[in-house]
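Take a look at the structure below.
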């Protein structure tokens, strides 16, 4: 582990109201149940599991006359998360946030950006999540967090944390995108946002993409946040997601990506989102997500004990 990752605080955000498929609220616990805390502790760091935030699990769905759903519940939970993440950073610890759907990134970024002048963001995702109520086909807020964090969209979302503009467009790198809405495409072009589609990664190779992304952000930013949506990985390998998109990045490529990011030692925070155990098969998505997180924090190979646990779980699933 690098020095900045030895003090880790885990916080779960059991949120599903940023979209319409129940189950992502169960994501944090499914990741923990797959052995996350023990895996991180085995790497020698100081790991503190601070549990789940207490948040509302029901919303009013669509606001009357507006193309946006469950605003109040999502804003309230985002404010709680922003305060929690800010406190973790203030204590000199590394925030590791477990989702929940991707709407939680609004709270994570609001908490981080209070402590950094120029936060960089690696958005590992099949989607750009840069819609506003005007461009969104669904009104689902999990498709809006990056736009809101840039200060675009509904004022209730852009003002989370009490301020606007957590992230600048030139401080964002999208990796793995392959389902980008028309309004998002226009915004990406207008703001000249750096994007590597899944096809770009296949063409260039993950090593080159991560090297370019880290170099690009390091030149502009005083810290880099990783926002990892597991639907960035092809659903054939990661079935437990609510918005699957085919022709995605492979698990092997994704494992390489987090190992390269670990080696770069530039990350100040990370979140893993959109694990839905109700859609999973034999806990595959949760187990492999733990592997990704372990690799991010310096795990190079599984210990014999971890291998035995995995074999036992696989045998029980058969």
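Numbering (our numbering), first residue to last: 382 to 699.
Just so it is clear, CB atoms sit at the ideal spot from N, CA and C, and this is done for glycine as well.
The structure displayed is predicted, hence computed values, not measured ones.
Residue 515 burial status per 10 Å Cβ neighbour count (16 or more: buried): Numbered from its first residue, the chain shown carries residue 515 at position 134. Exposure of residue 515 is indicated by the presence of fewer than 16 other C-beta atoms within 10 angstroms of its C-beta.
Inter-residue Cα distance where the pair is residue 634 and residue 618: Here the question's residue 634 lines up with position 253 in the chain shown. Here the question's residue 618 lines up with position 237 in the chain shown. Straight-line Cα distance between these residues: approximately 12 Å.
Alpha carbon of residue 382 to alpha carbon of residue 493, nearest angstrom: Along the chain shown, read from residue 1 onward, the residue named residue 382 stands at position 1. Along the chain shown, read from residue 1 onward, the residue named residue 493 stands at position 112. Here residue 382 scores only 48 on pLDDT, less than 50, and its place in the model should not be relied on; the value that follows carries that caveat. Approximately 21 Å between the Cα atoms of the pair.
Per DSSP, the bridge partner or partners of residue 477: On the chain shown, position 96 is the one that residue 477 refers to. Under DSSP, residue 477 takes part in a beta bridge, and its partners are 391, 651.
Beta strand (DSSP E) segment containing residue 657, residue limits: As a working note, residue 657 is residue 276 in the chain shown. Where residue 657 is concerned, there is no enclosing beta strand (DSSP E), given that its DSSP letter is neither H nor E.
Identity of the residue in 428, 423, 434 nearest residue 396 by Cα: For the purposes of this step, residue 396 is taken as the residue at position 15 of the chain shown. When C-alpha distances from residue 396 are compared across 428, 423, 434, the shortest belongs to 434.
Residue 400 to residue 484 span [Cα, whole Å]: If you number the chain shown from 1, residue 400 lands on position 19. If you number the chain shown from 1, residue 484 lands on position 103. Answer to the nearest angstrom: the Cα atoms are 8 Å apart.
Residue 675 - partner residues in DSSP beta bridges: For the purposes of this step, residue 675 is identified with residue 294 of the chain shown, where counting begins at 1. Its beta-bridge partners do not exist; DSSP assigns none.
Own chain partners of residue 473 with C-beta closer than 7 Å, once the 5 adjacent residues on each side are dropped: Residue numbering aside, residue 473 sits at position 92 when the chain shown is read from its first letter. Cβ within range, chain order: 388.
Residues near residue 469 by beta carbon distance below 6 Å, same chain, minus five either side: Residue mapping note: residue 469 aligns to position 88 of the chain shown, counting from 1. So the list reads 390, 476, once near-sequence residues are dropped.
Residue 564, enclosing alpha helix (DSSP H) - first and last residue: Reading the chain shown from its first residue, position 183 is the one you call residue 564. Annotation for residue 564: the continuous alpha helix (DSSP H) segment containing it runs 563-572.
Bounding residues of the alpha helix (DSSP H) (the contiguous stretch that carries residue 511): For the purposes of this step, residue 511 is taken as the residue at position 130 of the chain shown. Where residue 511 is concerned, there is no enclosing alpha helix (DSSP H), because DSSP gives it neither an H nor an E.
Backbone secondary structure at residue 497 - three-state DSSP: For the purposes of this step, residue 497 is taken as residue 116 along the chain shown, with counting starting at 1. Correct three-state label for residue 497: coil.
Proximity of residue 667 and residue 415 at Cβ, strictly below 8 Å: Position 286 of the chain shown holds residue 667. Position 34 of the chain shown holds residue 415. The Cβ-Cβ distance between residue 667 and residue 415 falls below 8 Å.
Contact set for residue 686: own chain, Cβ-Cβ below 7 Å, skip 5 residues either direction: Here residue 686 corresponds to residue number 305 of the chain shown, with the count starting at 1. Annotation note: pLDDT 46 at residue 686 (below 50); position unreliable, coordinate value reported separately. Taken in chain order, the list of residues that qualify is empty.
Collapsed DSSP secondary structure at residue 419 in the structure displayed: In the chain shown, the residue the question calls residue 419 occupies position 38. DSSP places residue 419 in helix when its eight states are reduced to three.
Boundaries of the alpha helix (DSSP H) in which residue 593 is found, first to last residue: Within the chain shown, numbered from 1, the residue matching residue 593 stands at position 212. Unbroken alpha helix (DSSP H) run through residue 593: 587-599.
Residue 637 to residue 674 span [Cα, whole Å]: Residue mapping note: residue 637 aligns to position 256 of the chain shown, counting from 1. Residue mapping note: residue 674 aligns to position 293 of the chain shown, counting from 1. Rounded to whole angstroms, residue 637 to residue 674 spans 12 Å at the Cα level.
At least three beta-carbon pairs within less than 8 Å, the stretch 595-614 to the stretch 648-661: Segment contact: the stretch 595-614 against the stretch 648-661, three or more CB-CB distances shorter than 8 Å; contact assigned.
Status (buried if at least 16 other CB within 10 Å, exposed otherwise) for residue 518: On the chain shown, residue 518 is found 137 positions in, with the first residue counted as 1. A residue is called buried once 16 or more other Cβ atoms fall within 10 Å of its Cβ, and residue 518, having fewer, is exposed.
Short CB-CB distance (under 8 Å) between residue 658 and chain D: You won't find chain D in this structure, because it holds only one protein chain.
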